[in-house]
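*Asks:* The listed protein sequences derive, respectively, from chains A and B.
Under numbering that gives the first Met the number 0, the residue at position 152 of the first sequence is numbered 151, and the numbers go up by one with no gaps.
Under numbering that gives the first Met the number 0, the residue at position 323 of the second sequence is numbered 322, and the numbers go up by one with no gaps.
We put the CB at the ideal spot given by N, CA and C, even for glycine.
Below you will find the structure I want to go over with you.
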Amino acid sequence: MQSQESMRMKLNYRTVIFAIAIVFGLFFSAPSLLQLKDGKKITLGLDLQGGLHLLLGVKTEEATKSRVKSIAASIKHYTEREDILVDALTFDESSISFSLLDPDDVKRVKNYLKDTIGISIDVNGESFLLELTPEEVVRTQKQAVDQAIETIRNRLDQFGLAEPEVARQGDDKILVQLAGIKTQEDEQRARELISRAAKLELMAVDEDRAARVQNMSYADAAAYGDIILDDVKNPAIKYLVREIPILDGGMLTDASMGFDQNNRPLINFKLNAEGAEIFGDFTGKNVGKRLAVVLDGKVYSAPNINERIGGGSGQISGSYTVEEAKDLAIALRSGALLAPIYVMEKRSVGPSLGADSIKASMIALIGGFGLVVLFMMFYYRAAGVVANIALVANLFIILAVMSLFGATLTLPGMAGIVLTVGMAVDANVIISERIRELLHEGKSVHKAIEEGYSNAIRAILDANITTLIAAVVLYAYGTGAIKGFAVTISIGILASMLTAILGTHGIYQLLEARIQKSKNNLFWFGIRESK
Amino acid sequence: MEFFKYTRPFNFMGKSKLALAISIFMLIASIVTLSTKGLNYGIDFAGGTIIQVKYNVDAPIDEMREKLKSNELFDGASITKFGTADEVVIRMKTATSSISVDIGDVAREALEGTGEYEIRRVDIVGPKVGNELKEKGIMSLVLATIGILIYVAFRFEWRFAVASIIALVHDITIAMGAIALVGLDVNLDVLAALLTILGYSLNDTIIIFDRIRENITDSKNTQLSEVIDESITKTLSRTTLTSLTTFLVVFMLFMFGGEIIHAFAFTLLVGIIVGTYSSIFMASPMLLWFGFDVRAYHVKLADKAKRELEKQQMRDQFESGVM
């Protein structure tokens, strides 16, 4: 009667929780393991699937310079419209100076400048000295970074890659992660798209001196308030243009690829109302002269102005391929970079290397896993099998949790999983050793199991929490792929506490009656009775 | 099967002087290696460029060198085999910062005519990023150590905490010495391995400490060295088994995990061995050297229990009084 009672396996809450954990593990790791279409999956890191990781710096000092330049351009436009005569309008990195010929204009110009934010104005008689305020410098630089992030994101979104990631890092750095770049050509296109300043300027050709450009030095040109620019196709062709542009790409509202009458690709652009007005005014006043279309410091074309051009649209022709024209249009449309960017860190992994890494770490995982499983069964017999069940459950739970959170699996992350296999059995080793000890002391199976667990738990907790501390620090201070290691090892530790402490205890409680009855400690725990 | 069947305690503490001598020797050897040979910082910390090239046959390293000489971007570049004979890495101390001109593309063109190859990896780390990573790396080691120190002091006693931290410094120093000796590139992955050793080695130490604490509290034996011997012996199976299983899987990583994970696995292998050794032979005797007094500890525990009891009594009185 009594034996029948004890032979029945008793369900207990530990077994139930463990069973739920296993089902959870199987269910949520399935999409990743079986590569199902639906469900949340683990994303592979760039080092495993191949891709491009770029940490970009922003040359913010260039942004303040172009801010100064655009203020100078607006002063020029204003004074020309109002017929105010200006002498020697010059600018450097952070200041603009000019003087007026007619003292009566001073008040008007002062009034006009009042609306320009972020500059300090110093008037001495008829000469003006404008300087960017320190706050304005900071603001401009911050804006340059914000705008660079926005611009790069826009460009990459239109490039057609799966899930480009663009994020700010620190104050002035930009992290770009492009997974799924498969070929060298893709990578090059992406890089060019990111780095393209796409700074469009419409500039007046200095027709009075243009004929002499071939004999002019840059210093000569600067003395006239001009600069010398190269032709985009043929650097030998030089253009002498006024340094202060008529207008720039900031007034651009749209750009798209089109074709000319000979079916060659070109780019159509549209200006906003302000730009259209400036453009109209200028072309109206300068019929017969040339207008240079300048992109990133190169002259793309310099057509003659035949008549006033209203409506604010224009074209950039040049001999590019359809792809180049498309990328250029994307770059123009998503806006210019206020400041140039440069590479601080780049990591690119080819897809074949990623595949090799996956293969190698899978071999290590399976090999390591196999060795541990065999060893545990050999050493602990049935107790080893119980520990192995916990180990397998542990693996599935790691994968499930990672899938649920959409965590990224990197190569160090794979190493973390392999390492977890070695360390996860630790809890079971501690417990099994305790049980053996207590059995040697002559305790009953029930007592040995219960006391074994209660004694072991404290040690397991202390030991695992310290490893967890190291892992958390690693996550906080690690970058990129290393974070993946911290993630897998942390999840692994937590999962192992669940499976080892709760799970295996439940199994023992389930089997306790049988173990007691069989009196075969060699089979169940791998030990011979001590005399 | 049982490796160590407990009959009576091994005399570990009797060997502690010998162990101390070995440890001091290893530490000095490591420090000498570190200060003469130095750590070989990889590009993560020193900045620089790595280009990994795979050929479909054995890589023609001499021919590659010749080709790369033609471009000044590759001045001072070194070419070494990477794992297998068909794969090489080109290492440079310089880092290009232009986005549109990519050193990988330049290398591809420069190597033209050396056979069929594929550029599989290009890593560029600028000097600024390298310095930042180095600072962060040192910070993370320090922070992890402090965090662990606080936890152990909180859970055990300050002498346990100091002993475990000294054991950790011992382990990390020897592991770094081994890295310097072999001349491995120290990159972020090695740092990760060092932090793992930190956690892992402590794991072992704590299991033993836990048993010492338990035995101190439970047994009537006030001879600390005997308590320690008994505790280490009783946990010896566990210590060796866990170290063995962990060693096995890391060894698998080392053998089959691929060249990229090599330095990481190597560091861990050294760390597991040294960590296990230090837990048994270094951390525990230190309790003796620090003058941990079992009797005083008993008194402290008794005091604490008494205070708890008093508190409980007061609470009971208070509650019954209110009733």
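Taking 8 Å as the threshold (C-beta atoms), are residue 187/B and residue 247/B in contact?
*Replies:* For the purposes of this step, residue 247/B is taken as the residue at position 248 of the second sequence. For the purposes of this step, residue 187/B is taken as the residue at position 188 of the second sequence. Against a cut-off of 8 Å, the Cβ pair of residue 187/B and residue 247/B comes out as no contact.
*Asks:* Compare the beta carbon distance of residue 206/A and residue 154/A with 8 Å and say whether it is the shorter of the two.
*Replies:* As a working note, residue 206/A is residue 207 in the first sequence. As a working note, residue 154/A is residue 155 in the first sequence. Their beta carbons are not under 8 Å apart, which means residue 206/A does not touch residue 154/A by this criterion.
*Asks:* For residue 41/B, collect the residues of the same chain with a Cβ closer than 6 Å to its Cβ; drop the 5 residues on either side in sequence, then sort them by chain order.
*Replies:* Looking up residue 41/B in the second sequence gives position 42. Taken in chain order, the residues that qualify are 184, 185 and 186.
*Asks:* Provide the residue(s) that pair with residue 10/B in DSSP beta bridges, ordered along the chain.
*Replies:* Translated into positions along the second sequence, residue 10/B becomes position 11. Residue 10/B pairs with nothing; no bridge assigned.
*Asks:* Considering just the uninterrupted stretch of the alpha helix (DSSP H) at residue 73/A, what are its terminal residues?
*Replies:* Reading the first sequence from its first residue, position 74 is the one you call residue 73/A. Looking at the DSSP string, the run of the alpha helix (DSSP H) that includes residue 73/A is 59-80.
*Asks:* Give the residues from the region 423-448 of chain A that approach chain B closer than 8 Å (Cβ to any Cβ), ordered along the chain.
*Replies:* Hits within the stretch, in order: 424, 425, 428, 429, 432, 435, 436 and 439.
*Asks:* Any residues in the region 175-193 of chain A with a beta carbon nearer than 7 Å to a beta carbon of chain B? Which ones, in chain order?
*Replies:* Under the 7 Å Cβ criterion, the region 175-193 of chain A contributes 187, 190, 191 and 193.
*Asks:* Along the chain, where does the beta strand (DSSP E) containing residue 130/A start, and where does it finish?
*Replies:* Locating residue 130/A in the first sequence gives position 131, counting from the first residue. 126-131 is the extent of the beta strand (DSSP E) around residue 130/A.
*Asks:* Note down, in chain order, each residue of its chain lying with its Cβ closer than 8 Å to the Cβ of residue 304/A, except the 5 sequence neighbours on either side.
*Replies:* By 1-based counting over the first sequence, the position of residue 304/A is 305. Contacts found: 282, 285, 286, 287, 288, 289 and 290.
*Asks:* In the DSSP assignment, what residue or residues form a beta bridge with residue 515/A?
*Replies:* Stepping through the first sequence from its first residue, residue 515/A is reached at position 516. Partner(s): none; residue 515/A has no beta bridge.
*Asks:* Using a Cβ-Cβ cutoff of 9 Å, what residues of the region 251-264 of chain A are near chain B? List them in chain order.
*Replies:* So the list is empty, because no residue satisfies the distance condition.
*Asks:* Between the Cα of residue 302/A and those of 158/A, 317/A and 362/A, spot the shortest distance and give me the residue it belongs to.
*Replies:* By 1-based counting over the first sequence, the position of residue 302/A is 303. When each option's Cα is compared against that of residue 302/A, the closest is 317/A.
*Asks:* Return the residue from the list 279/A, 178/A and 271/A that minimises the CA-CA distance to residue 409/A.
*Replies:* By one-based count along the first sequence, residue 409/A stands at place 410. The candidate whose alpha carbon is nearest that of residue 409/A is 178/A.
*Asks:* Hey, residue 459/A and residue 413/A: beta-carbon distance below 8 Å or not?
*Replies:* On the first sequence, residue 459/A is found 460 positions in, with the first residue counted as 1. On the first sequence, residue 413/A is found 414 positions in, with the first residue counted as 1. It is not a contact, given that the beta carbons lie outside the stated cut-off.
*Asks:* Can a CB atom of chain D be found closer than 8 Å to the CB of residue 503/A?
*Replies:* In the displayed structure, chain D is absent; the protein chains listed are A and B.
*Asks:* May I ask you to verify whether the region 311-329 of chain A touches the region 20-37 of chain A, counting CB pairs closer than 8 Å and requiring at least 3?
*Replies:* Too few Cβ pairs lie closer than 8 Å, so no.
*Asks:* Is the beta carbon of residue 118/A closer than 8 Å to that of residue 150/B?
*Replies:* Residue mapping note: residue 150/B aligns to position 151 of the second sequence, counting from 1. Residue mapping note: residue 118/A aligns to position 119 of the first sequence, counting from 1. No, they are not a contact pair.
*Asks:* Would you tell me roughly how many angstroms separate the C-alpha atoms of residue 501/A and residue 13/A, rounded to the nearest one?
*Replies:* By one-based count along the first sequence, residue 501/A stands at place 502. By one-based count along the first sequence, residue 13/A stands at place 14. Cα to Cα, residue 501/A sits roughly 6 Å from residue 13/A.
*Asks:* Could you work out which residues of chain B lie near residue 28/A, taking near to mean beta carbons separated by less than 9 Å?
*Replies:* Along the first sequence, one-based indexing puts residue 28/A at 29. Near residue 28/A there are no residues of chain B at all, since even the closest Cβ is about 20 Å away, more than 9 Å.
*Asks:* Please list the residues of the region 113-143 of chain B that have a C-beta atom closer than 8 Å to any C-beta atom in chain A, keeping them in chain order.
*Replies:* Correct list: 117, 118, 119, 120, 121, 122, 123, 124, 125, 127, 128, 132, 135, 136, 138, 139, 142 and 143.
*Asks:* In whole angstroms, what separates the C-alpha of residue 349/A from that of residue 52/A?
*Replies:* Here residue 349/A corresponds to residue number 350 of the first sequence, with the count starting at 1. Here residue 52/A corresponds to residue number 53 of the first sequence, with the count starting at 1. Rounded to whole angstroms, residue 349/A to residue 52/A spans 12 Å at the Cα level.
*Asks:* Which of the residues in the region 241-257 of chain B, read from start to end, lie with their CB under 7 Å from any CB of chain A?
*Replies:* Cβ contacts with chain A: 241, 244, 245, 247, 248, 249, 251, 252, 255, 256 and 257.
*Asks:* Ordered along the chain, which non-local residues of its own chain (more than five positions away) have a Cβ less than 6 Å from that of residue 15/B?
*Replies:* Start at 1 with the first residue of the second sequence, and residue 15/B comes out as number 16. If we look at residue 15/B and ignore the five residues flanking it on each side, its Cβ neighbours are 284.
*Asks:* Tell me which same chain residues have a C-beta within less than 6 Å of the C-beta of residue 135/A, skipping the five on either side of it?
*Replies:* Here residue 135/A refers to the residue found at position 136 of the first sequence. Contacts found: 117.
*Asks:* From 187/A, 484/A and 297/A, pick the residue whose C-alpha is nearest to that of residue 230/A; which is it?
*Replies:* To locate residue 230/A, count along the first sequence from 1; it is residue 231. Selected option, being the one with the closest Cα: 297/A.
*Asks:* Taking one C-beta from the region 91-106 of chain B and one from the region 332-352 of chain A each time, how about it: are there three or more such pairs within less than 8 Å?
*Replies:* Output reads yes: the region 332-352 of chain A touches the region 91-106 of chain B.
*Asks:* For the putative contact between residue 265/B and residue 255/B, defined by C-beta atoms under 8 Å, what is the C-beta separation to the nearest angstrom?
*Replies:* For this step, residue 265/B is matched to residue 266 along the second sequence. For this step, residue 255/B is matched to residue 256 along the second sequence. Rounded, the Cβ-Cβ distance is 14 Å, inconsistent with contact.
*Asks:* Counting only Cβ-Cβ distances shorter than 8 Å, please list the residues of the region 260-288 of chain B near chain A, keeping chain order.
*Replies:* Taking 8 Å as the Cβ-Cβ cut-off against chain A, the residues of the region 260-288 of chain B that qualify are 260, 263, 264 and 267.
*Asks:* Identify, in the order they occur along the chain, each residue of the same chain with its Cβ nearer than 6 Å to the Cβ of residue 90/B, setting aside the five sequence neighbours on each side.
*Replies:* As a first step, residue 90/B is located in the second sequence; it is residue number 91 there, counting from the start. The residues are 49 and 77.
*Asks:* What residue range is occupied by the uninterrupted beta strand (DSSP E) comprising residue 83/B?
*Replies:* Indexing the second sequence from 1 puts residue 83/B at position 84. Segment 83-91, the beta strand (DSSP E) holding residue 83/B.
*Asks:* Check for me: the alpha helix (DSSP H) holding residue 427/A runs from which residue to which?
*Replies:* Position 428 of the first sequence, counted from the start, is the residue given in the question as residue 427/A. Note, residue 427/A: alpha helix (DSSP H), 410-439.
*Asks:* Terminal residues of the continuous alpha helix (DSSP H) containing residue 547/A?
*Replies:* Given that chain A is displayed from residue 0 to residue 530, the structure contains no residue 547/A and the question cannot be resolved.
*Asks:* Return yes when at least one heavy atom of the ligand MN lies under 7 Å from the C-beta of residue 506/A, else no.
*Replies:* The model depicted lacks the ligand MN and carries no ligand whatsoever.
*Asks:* From residue 38/B to residue 235/A, what distance separates their C-alpha atoms?
*Replies:* As a position in the second sequence, residue 38/B is number 39, starting the count at 1. As a position in the first sequence, residue 235/A is number 236, starting the count at 1. Straight-line Cα distance between these residues: approximately 51 Å.
*Asks:* Which value, in whole angstroms, describes the spacing of the CA atoms of residue 276/B and residue 17/B?
*Replies:* As a position in the second sequence, residue 276/B is number 277, starting the count at 1. As a position in the second sequence, residue 17/B is number 18, starting the count at 1. Distance between the alpha carbons of residue 276/B and residue 17/B: 13 Å.
*Asks:* Would you call residue 523/A buried or exposed, if buried means 16 or more other Cβ atoms sit within 10 Å of its Cβ?
*Replies:* Along the first sequence, read from residue 1 onward, the residue named residue 523/A stands at position 524. Buried, because 16 or more other Cβ atoms sit within 10 Å of the Cβ of residue 523/A.
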